[in-house]
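Comments concern the structure below.
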Amino acid sequence: MISALSNHHLFGILLTVGLFYCGTWLRNRYQKSWINPLLISVFSIVLILQLVGISYDTYMKGAGIIHDFLGPVTVVLALPLYRQRMLLLKYKYAIMGGIISGVFASLVSVFVLARVFHLDELLTRSLLPHSVTTPIGIALTNSIGGVEGITVVSIILTGLFGAMVGAGLLRVMRITHPVARGLSLGTASHAIGTSKALELGETEGAVSSLAMGVAAITTVLAVAVMQLAGW
-8 MISALSNHHL FGILLTVGLF YCGTWLRNRY QKSWINPLLI SVFSIVLILQ LVGISYDTYM
52 KGAGIIHDFL GPVTVVLALP LYRQRMLLLK YKYAIMGGII SGVFASLVSV FVLARVFHLD
112 ELLTRSLLPH SVTTPIGIAL TNSIGGVEGI TVVSIILTGL FGAMVGAGLL RVMRITHPVA
172 RGLSLGTASH AIGTSKALEL GETEGAVSSL AMGVAAITTV LAVAVMQLAG W
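Just so you know, we're using our numbering here: the sequence shown kicks off at -8 and counts up by one.
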C-alpha cells in the first residue's frame, strides 16, 4: 500500500505542499519568527522518508515538478522591482555598495572559517556559494569543482537562518529603513530571505529581490576573478 502510494507522481507534491501548509498554519497560530514553514516541511519530509523507507528518487518523481517552478517563481519577483523602480534608482549607489560589501563579507567569511576549522579545499569550494540563490549556486559550485549536495544544504541553511533571525536582528540593531532591511535580507539570504522581506513590505521585497539577483552575479564574477588570480 505504502509502496504503491509513494510511487504515484502526486505523492511528492501532496506531501510537500501539505507539510508546508501545516508549517504555515503553525506560524500563523503562534506568531513566532523561528517557526518557519520551509524548515518544518524540510525536516518533516526527511523524517517521513526515513521512517517509511522511501527513497529520495521516488519522492522526487512528484516533488521534482515543484522544483521546476523555482526559476519561474524567481522571475515573478520582477513585479515589485518594477513597482518600486523609482525608489531603487534613488538609492542606487547605496544599494550597489551594500551588495558588494555583502558579497565580499560572504566570501571572506568562508575563507576565514575554513582556515579556522581546517576545512579542505573541496569543502571550501562547496561553501562559497552559500548566499547565492540555488540555481546559480549549483552552477557555480559545479564550475569550481565543489560538491553540489554540500552547496545546496549550505544555501538552504543560510536562507533559513536569515529568514528566522534576520528581521529580529534588524530590530535589535535599530535598522528601520525599508531599503536597508530588504538589502540585508536579499544579499545574505537569497530567495528565502526575500520571502521574509516581502512579508515586511513591498519596498523591502523589491530591494531584496534586486539584491538577490545582483549578489548572485557579483559572486560569480568574484569567484571567476579569484580563479584567474590562482586562489
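Idealized CB from N, CA, C, for every residue including glycine.
Taking the alpha-carbon positions, what's the residue i to residue j distance?
i	j	result
alanine 158	glycine 177	12 Å
leucine 110	threonine 132	16 Å
threonine 124	leucine 148	12 Å
leucine 1	glycine 53	5 Å
lysine 23	arginine 172	19 Å
aspartate 48	arginine 162	42 Å
isoleucine 86	phenylalanine 152	22 Å
phenylalanine 34	valine 205	30 Å
glutamine 218	lysine 83	29 Å
serine 32	tyrosine 50	14 Å
glycine 44	arginine 18	29 Å
valine 214	arginine 20	43 Å
threonine 210	serine 134	13 Å
asparagine 27	valine 170	23 Å
tyrosine 73	leucine 80	11 Å
phenylalanine 60	phenylalanine 108	37 Å
serine 122	leucine 42	31 Å
alanine 179	isoleucine 36	26 Å
leucine 6	histidine 181	25 Å
leucine 174	valine 67	18 Å
Our contact map puts residue i next to residue j with C-beta atoms below 8 Å; I'd like the distance itself, whole angstroms only.
i	j	result
isoleucine 183	alanine 154	5 Å
glycine 196	alanine 207	Not confirmed; about 17 Å, so no contact.
glutamate 193	glutamine 75	7 Å
glutamate 139	isoleucine 129	6 Å
isoleucine 141	isoleucine 56	That belief does not hold up - the Cβ atoms of isoleucine 141 and isoleucine 56 are roughly 25 Å apart, past 8 Å.
leucine 98	leucine 119	6 Å
threonine 115	valine 94	Their Cβ separation, rounded to whole angstroms, is 17 Å, which puts threonine 115 and valine 94 out of contact at 8 Å.
From the DSSP output, in three-state form, read off residue i for me.
i	result
tryptophan 25	coil
glutamine 75	coil
glycine 196	helix
histidine 181	helix
alanine 215	helix
alanine 220	coil
histidine 168	coil
Restricting to runs no shorter than 3 residues, where is the beta strand (DSSP E) found entirely within the stretch 40 to 67?
None, since the stretch 40 to 67 contains no complete beta strand (DSSP E) of that length.
inquiry  = Using 8 Å as the cut-off, can you tell me whether the stretch 78 to 97 makes contact with the stretch 194 to 201, which would need three or more C-beta pairs spanning the two stretches below that distance?
reply    = Look at the beta carbons and you see the stretch 78 to 97 touching the stretch 194 to 201: at least three pairs across the two are nearer than 8 Å.
Please give me, in chain order, every unbroken run of the alpha helix (DSSP H) with length at least 4 that falls completely inside the stretch 81 to 165. Within the stretch 81 to 165, the complete alpha helix (DSSP H) runs of at least 4 residues are 83 to 107, 112 to 118, 125 to 134 and 139 to 163.
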